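Trainee: Have a look at this one.
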Amino acid sequence: MSSVTVINDAQFESEVLQADLPVLVYLWAAWCGPCRLVSPSIDWIATSYADRVKVVKMEIDPNPETVKAYKVEGVPAIRLFKGDEMIYSWEGAITKDKLTTMLDSNL
Numbered sequence: 008m009s010s011v012t013v014i015n016d017a018q019f020e021s022e023v024l025q026a027d028l029p030v031l032v033y034l035w036a037a038w039c040g041p042c043r044l045v046s047p048s049i050d051w052i053a054t055s056y057a058d059r060v061k062v063v064k065m066e067i068d069p070n071p072e073t074v075k076a077y078k079v080e081g082v083p084a085i086r087l088f089k090g091d092e093m094i095y096s097w098e099g100a101i102t103k104d105k106l107t108t109m110l111d112s113n114l
């Protein structure tokens, strides 16, 4: 069983860009209502897809470098990376079904 790793700007390169597996980055904010709705789906993905994808969460307010580098304009936001390449980007609430469909087509 896998769990979600919480990261910050300083850890982004080692935890995401240099990861052995594709990485789903979930960007969120404490003040974001839709983030609270999406968060359980992210936790489910971390467990259900543990053998295929690494899942990390990053709070946007204390991590402006990553937010700027990957043009995060709204939260919740999803970025999917394979190596150092961002292969999928989504902003706004997303259902578990849409998440699984996206992962199944990109992994």
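According to the numbering used here, the sequence shown holds residues 8 to 114 in order.
Built from N, CA and C at the ideal position, the CB exists for glycine as well.
Note that the structure is predicted; figures quoted are calculated from it, not measured.
Short of 6 Å in beta carbon distance, which residues of its chain neighbour cysteine 39, apart from the five on each side in sequence? Order them along the chain.
Mentor: The residues are Val82.
Trainee: What residue from Ser46, Met65, Leu28, Glu22 has the CA that sits closest to isoleucine 101's CA?
Mentor: The shortest C-alpha separation from isoleucine 101 is found at Ser46.
Trainee: So the candidates are Ala17, Pro29, Ser21; which of them puts its Cα closest to the Cα of isoleucine 94?
Mentor: Taking only the C-alpha atoms, the option nearest isoleucine 94 is Pro29.
Trainee: Take asparagine 15 as the anchor and find which of Leu106, Lys64, Ala57 has the nearest alpha-carbon.
Mentor: It is Lys64.
Trainee: Quick one: Cα of tyrosine 77 to Cα of alanine 26, how far?
Mentor: Distance between the alpha carbons of tyrosine 77 and alanine 26 is about 17 Å.
Trainee: Should arginine 43 go down as buried or exposed, given a rule of 16 or more other Cβ atoms within 10 Å for buried?
Mentor: Exposed, since its Cβ has fewer than 16 Cβ neighbours within 10 Å.
Trainee: So which of Glu20, Thr107, Ser112, Asn113 has the shortest CA-CA distance to serine 48?
Mentor: Cα-wise, what sits closest to serine 48 is Thr107.
Trainee: Can you tell me whether DSSP reads valine 45 as helix, strand or coil?
Mentor: Helix.
Trainee: Which residue wins for smallest C-alpha separation from asparagine 113, given the options Leu87, Asp58, Glu98?
Mentor: Comparing Cα positions, the closest option is Leu87.
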